[in-house]
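Throughout the sequence shown, residue numbering follows the working numbering, covering 778 to 1312 in sequence.
Beta carbons: idealized from backbone N, C-alpha and C, even for Gly.
Here the structure is a predicted model, which is why all the values come from computation and not from measurement.
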Amino acid sequence: MLRLRHAFAALSPLPRAGSPPAAAMSTLLISQERYAWLRELGLQEENPGVYNGRWGGRGQVVTTYCPANNEPIASVRQGNLEDYEETVKKAKEAWKVWADIPAPKRGEIVRQIGDALRQKIKVLGSLVSLEMGKIFVEGVGEVQEYVDVCDYAVGLSRMIGGPILPSERPGHALIEQWNPVGLVGVITAFNFPVAVYGWNSAIAMICGNACLWKGAPTTSLVSVAVTKIIAKVLEDNKLPGAICSLVCGGADIGTAMARDERMDLLSFTGSTKVGKQVALMVQERFGRSLLELGGNNAIIVFEDADLNLVIPSALFAAVGTAGQRCTTARRLFLHESIHDEVVAKLAKAYAQVRIGDPWDSDTLYGPLHTKEAVKMFLDAVEQAKQQGGSVVCGGKVINRPGNYVEPTIVTGLPHNAPIVHTETFAPILYVLKFKEEEEVFAWNNEVKQGLSSSIFTKDLGRIFRWLGPKGSDCGIVNVNIPTSGAEIGGAFGGEKHTGGGRESGSDSWKLYMRRSTCTINYSKDLPLAQGIKFQ
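Right, dumping it as structure tokens:
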């Protein structure tokens, strides 16, 4: 698995701030021969951004821009509150049909969605690369993640259910019954515009729920393209398209979803700041939310670590997706005995990172998503210097079109420096020294977020202390692998200000269902529990 992960912009009603003014149709990338492949996804110069069985949209037109050159790609007409109201009603009606279909049959529909995504995996991955800015191989990998979750959900559709429990009363059966919650709202972020929706929708669908999706405004074309693929599968099976609805929009739509009592579960991926607002609005109506928020993730390297694993792991975790993953490594704790050696090797590795257009196969590192992200990067580097840090490499904007910055390593800061405790959604790695295991475990846990964490060591006792109650307090706790790159089979999510939500694998499906404890008396007597007699 919002993640800047984020949907800092996921609730924003405006086009990307600081972007060029809306361009004439003739200047859109989609109008150029080089980008004709966009039409294979059913995209055009202006695209309807609402789907509820029919395509439409009566809101403002928003143009999305390519982060690699800040040129306009195409536009999407967003939904307004009237579109939202209409879509919720249709989704609720569609749920009545979907909930009556047996779970394994629902799984078959999800299997077909996965196959349809497979057929478009390269062209859809190219769109992710073009509109979000991540390199092509990551864009394709993100679509593959949705495909994999579909495969996982197909099997799960034949396995979900509750236990039969032993009853203390003769002639009685005690069972758990799991039913869909109903309508699941999904608000996703710009940095994983396909995969996060896939984690939610594939599992929610086999559980018997309808979905209503609001993606980040800056990746609206991805939202439209994915929904077109899903809609065709539903329509080919003569099912209501509103089972998987879409309303592209801004803060007005996001706020309506959070406050709407008809929204039986709201899954939000984005910043901790916005996530807190969402959580309060949902809780005010005693609703159910699933939050995937910020991460300030650490890698801890002990003196016995295999540095052949450490260097590529730290590089990938810190630089991958230009530092815009929720699981990006932002803090690197090095034992004082190996600090200088690791920093030197890591700086050498950073110098070899190939920077370029994200859709070129040789590129390993692309642009930040927006101009605002570039400004936040520069502000963070300046704050790090003011707080005593030294820039080992990077720290500057790259002089080329687009939102490119240098991947950056900063040393010399204390573990509790304010900037170290701030999640900056950019490729800045703070390298910190430590002496003892106990202190560095505490430093890992002292930030407000609790998403991902990793140690590198060969000490078996230390590994299990790390995994135990006095070790990492994160939702993802790794050993000898990076903080990023989670598998879909495990539950994805974190603790504290990360939100506590879990998506994808393990028993995350339970969040998309409601549980009833059912007692069935098949005898002719009426014994009461706990031996109580009422005569």
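Item, Value
"Would you call the region 1032 to 1041 and the region 944 to 962 in contact, with 3 or more CB pairs under 8 Å?", "yes"
"Determine the closest residue to Arg-946 out of Ala-1306, Val-1055 and Ala-1028, with distance taken between C-alpha atoms.", "Ala-1306"
"Taking only three categories from DSSP, how would you classify Asn-1257?", "coil"
"According to DSSP, Leu-1023 sits in a beta bridge with which residue or residues?", "Tyr-828 and Trp-990"
"For a test of the three-state rule: what should DSSP assign to Leu-1190, helix, strand or coil?", "coil"
"Using 8 Å as the Cβ pair cut-off and three pairs as the minimum, do the region 1226 to 1243 and the region 1056 to 1063 touch?", "no"
"Is Trp-976 helix, strand or coil by DSSP?", "helix"
"If the criterion is Cβ atoms closer than 8 Å, does the pair Asp-1302 and Gly-948 meet it?", "yes"
"Can you tell me which of Pro-825, Ile-850 and Asn-1222 puts its alpha carbon nearest to the alpha carbon of Asn-1073?", "Asn-1222"
"Of all Cβ atoms in chain B, is any one closer than 8 Å to the Cβ of Gly-975?", "No chain B appears in this structure, which consists of one protein chain only."
"Does the beta-carbon distance from Met-1290 to Trp-832 come in below 8 Å?", "no"
"Please state whether DSSP places Glu-1069 in a helix, a strand or coil.", "strand"
"Look at the Cβ atom of His-1192, then the Cβ atom of Leu-1209, and state whether they are nearer than 8 Å.", "yes"
"Distance, Cα to Cα, Cys-1295 vs Ile-941?", "10 Å"
"Quick one: using the 10 Å Cβ neighbour count with 16 as the cut-off for buried, is Ala-966 buried or exposed?", "buried"
"With a cut-off of 8 Å on the beta carbons, I'd call Leu-933 and Gly-1278 a contact; round off their distance for me.", "Contact flag wrong, Cβ pair sits at about 18 Å."
"Quick check on Ile-1309: does DSSP put it in helix, strand or coil?", "coil"
"Under the three-state reduction of DSSP, which class applies to Ala-813: helix, strand or coil?", "helix"
"Tell me Pro-849's beta-bridge partners as DSSP assigns them.", "Tyr-842"
"Suppose you measure from the CA of Arg-811 to the CA of Arg-1131; what does that come to, to the nearest Å?", "23 Å"
"Does DSSP put Phe-1218 in a helix, a strand or coil?", "helix"
"My understanding is that Leu-1043 touches Ala-1033, with C-beta atoms under 8 Å, so please give their C-beta distance in whole angstroms.", "In fact, because the Cβ distance is near 11 Å, the residues do not count as touching under 8 Å."
"Could you name each continuous beta strand (DSSP E) segment of 3 residues or more that falls completely within the region 1095 to 1119, going from the start of the chain to the end?", "1106 to 1112"
"For Pro-790 and Val-839, I'd like the C-alpha separation in whole angstroms.", "Caution is warranted here: a pLDDT of 30 is assigned to Pro-790, below 50, making its placement in the model unreliable, and the coordinate value is therefore given only provisionally. If I take the Cα positions, the gap works out to 10 Å."
"Out of Glu-1272, Ile-1258, Gly-1271 and Ile-952, point me to the one whose CA is closest to Asp-759's CA.", "Nothing about residue 759 can be read from this structure; the chain reaches only from 778 to 1312."
"Counting Cβ pairs, one atom from each stretch, are 3 or more of them under 8 Å apart for the region 1000 to 1019 and the region 1261 to 1278?", "no"
"Using three-state DSSP, classify Val-1055 as helix, strand or coil.", "helix"
"What does a CB cutoff of less than 7 Å around Val-1151 pick up in its chain, not counting 5 residues either side in sequence?", "Leu-1145, Val-1174, Asn-1180 and Val-1182"
"On the DSSP bridge assignment, give the partners of Ser-1293 in chain order.", "Gln-954"
"Tell me which residues share the same chain as Val-1078 and place their Cβ nearer than 6 Å to its Cβ, disregarding the 5 neighbours each side in the sequence.", "Val-1087, Leu-1111 and Phe-1233"
"What are the residues that DSSP puts in a beta bridge with Glu-823?", "Ser-852"
"Does DSSP classify Lys-1247 as helix, strand or coil?", "coil"
"Of the residues Ser-944, Phe-1063 and Thr-1104, which one's Cα is nearest the Cα of Thr-1275?", "Thr-1104"
"Go ahead and pull the three-state DSSP assignment for Ile-1205.", "strand"
"Thinking just about the alpha-carbon of each residue, which of Gln-1312, Thr-1147 and Val-1168 is nearest to the one in Val-1187?", "Val-1168"
"What is the residue span of the beta strand (DSSP E) that Gly-962 lies within?", "960 to 964"
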